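As structure tokens, this is what we get:
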């Protein structure tokens with residue numbers, strides 16, 4: 037049986053001559069202590085350091101009665117508590133939860149788990165909530181269904197935001213309202229954060245429900261809207277490859293990383309940033325896909341053949357990004373600016389590094405007629421419908437090689453068609469002249 041009592045320790049005397057009254061929790065032969073809001077001086081104590089001040093004694097006794105009542109209500113569940121967890125339960129049971137503070141700690145944990153991408157999207161949600169509510173502290177009870185409806189209207193509207201640069205100077209920007217797809221992703225991430233808070237603060241087995249409401253039961257995030265395909269034609273890929281850019285420019289960076297990603301089965305920027313010479317073995321690049329590494333039992337490992345077209349680009353950039361950019365976020369920023377320049381140089385209206393991944397996949401499926409399963413393997417995706425089957429089947433990287441080889445061959449074939457078409461046009465122009 038757990039017991040609680042008031043304690044004042046002589047050796048805990050503060051510089052101002054006061055002592056903090058503590059609550060001692062005794063459970064399973066262990067003692068843990070809780071600080072209280074009550075401070076006493078020596079004249080309010082007996083010789084053996086018991087509280088004799090009637091006002092303080094009454095306040096502390098009331099707190100003890102409340103704790104004893106809460107312990108009694110735990111009934112048989114008390115057996116599952118340690119002295120430490122019981123102390124935390126009594127201390128935090130009625131304390132309000134600061135959702136922004138939780139978001140901060142959750143984001144830091146994601147960073148330590150090498151989930152920088154997820155941390156970045158959750159940071160956007162955290163910042164947006166601070167902008168909307170205009171304060172850095174938000175009770176989780178303020179996140180309710182009516183608030184979410186109003187918050188959605190805010191996200192759809194044009195917004196002015198203030199952020200601080202590396203010199204701690206404020207930078208004010210104006211952002212357009214979110215699209216249907218952007219709104220869905222934003223509210224989905226907010227729901228993920230809310231669920232993570234419930235998982236941390238609630239314990240169904242012990243009957244602990246510090247977060248008693250669930251706003252997403254009424255407010256539905258729904259299914260993601262259909263997005264338009266984000267792939268370039270192979271003629272556009274050749275235009276990107278052959279585009280003349282200034283050496284060392286961001287446009288050159290964007291062009292060459294687009295092509296490198298295309299040749300390496302749609303490798304993402306974060307993985308290009310992280311791979312080093314140690315990941316190159318026997319003419320292959322072996323790596324774990326950062327986006328899903330922490331979520332998969334196989335750590336999202338994949339082995340990609342380094343085709344001839346990729347070799348000079350890989351040699352130019354491998355292991356060099358960290359010397360030029362302090363983080364992958366900085367690389368992404370440079371790529372974003374480089375893609376803007378590349379769009380102007382090529383006349384291709386829509387172009388990002390991620391389009392290289394989509395273009396590789398679309399070419400493999402639609403032009404090369406590879407199966408969806410083989411394309412998924414080359415993209416390092418998990419087949420949700422065949423999780424059990426995948427346990428029995430060893431991965432064969434030759435399948436990935438085959439997908440990659442056919443896509444690169446299709447690009448060469450397209451280049452040949454364009455050359456033949458141009459030669460015919462030139463011949464026709466000469467005859468006409």
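Residue numbers (the working numbering): 37 to 469.
Virtual Cβ for every residue (Gly too), placed ideally from N, Cα, C.
All values derive from a computational prediction rather than experimental measurement.
The segment 275–288 contacting the segment 329–338, beta-carbon criterion three pairs below 8 angstroms | no
Minimum C-alpha distance to residue 319 - residue among 339, 207, 113: 339
Opening and closing residue of the beta strand (DSSP E) in which residue 70 lies: 66–76
Report task. Following the continuous beta strand (DSSP E) through residue 63, name the residue where it begins and the one where it ends. Result -> 55–63
Helix, strand or coil at residue 283 according to DSSP, with G and I counted as helix | coil
_What ranges does the alpha helix (DSSP H) occupy inside the segment 158–200, keeping only unbroken runs of at least 4 residues that lie completely in it?_
181–192
Could you give the distance in angstroms between the alpha-carbon of residue 190 and the alpha-carbon of residue 210? 13 angstroms
Buried or exposed: which applies to residue 301, given that a residue is buried once 16 or more other Cβ atoms fall within 10 Å of its Cβ?
buried
| message | Taking 8 angstroms as the cut-off, does the segment 350–362 touch the segment 282–300 (at least 3 CB pairs, one atom from each stretch)? | response | yes
Next on the checklist: Quick check on residue 371: buried or exposed, where buried means 16 or more other Cβ atoms within 10 Å of its Cβ?
Outcome noted: buried
Q.
Is the separation between the beta-carbon of residue 123 and that of residue 61 shorter than 8 angstroms?
A. yes
Would residue 44 and residue 92 be called neighbours here (beta carbons separated by less than 8 angstroms)?
no
Distance between residue 163 and residue 76 (C-alpha atoms, nearest Å)
42 angstroms
Proximity to residue 80 [Cα-Cα], best of 159, 53, 98 = 53
Bounding residues of the beta strand (DSSP E) (the contiguous stretch that carries residue 42): 39–43
- Going along the chain, which residues of its own chain have a beta-carbon closer than 6 angstroms to the beta-carbon of residue 142, five neighbours each way excluded? 232
Using a threshold of 8 angstroms, state whether the C-beta atoms of residue 268 and residue 391 are closer than that. yes
### residue 116 classed as buried or exposed, judged by whether at least 16 other C-beta atoms fall within 10 angstroms
exposed
### Task
Look up residue 456 in the DSSP assignment and say whether it is helix, strand or coil.
helix
How would you label residue 440, buried or exposed, when you count the other beta carbons within 10 angstroms and need 16 or more for buried? buried
Q) With a CB to CB cut of under 6 angstroms and the five nearest residues on each side skipped, what residues in its chain are close to residue 303? A) 297
Q. Out of 39, 214, 270, which has the shortest C-alpha to C-alpha gap to residue 384?
A. 270
* Can you tell me which of 66, 46, 97 puts its alpha carbon nearest to the alpha carbon of residue 82? => 46
**Message:** Quick check on this structure: which residue in 397, 254, 156 has the alpha carbon closest to the alpha carbon of residue 184?
**Reply:** 254
- Could you check what DSSP says for residue 353 in three-state terms: helix, strand or coil? helix
* What are the start and end residues of the alpha helix (DSSP H) that includes residue 323? -> Residue 323 -> not in any alpha helix (DSSP H); beta strand (DSSP E) instead, spanning 320–324.
- Query: Mind checking whether residue 336 and residue 324 have CB atoms under 8 angstroms apart?
  - Reply: yes
Is residue 337 helix, strand or coil by DSSP? strand
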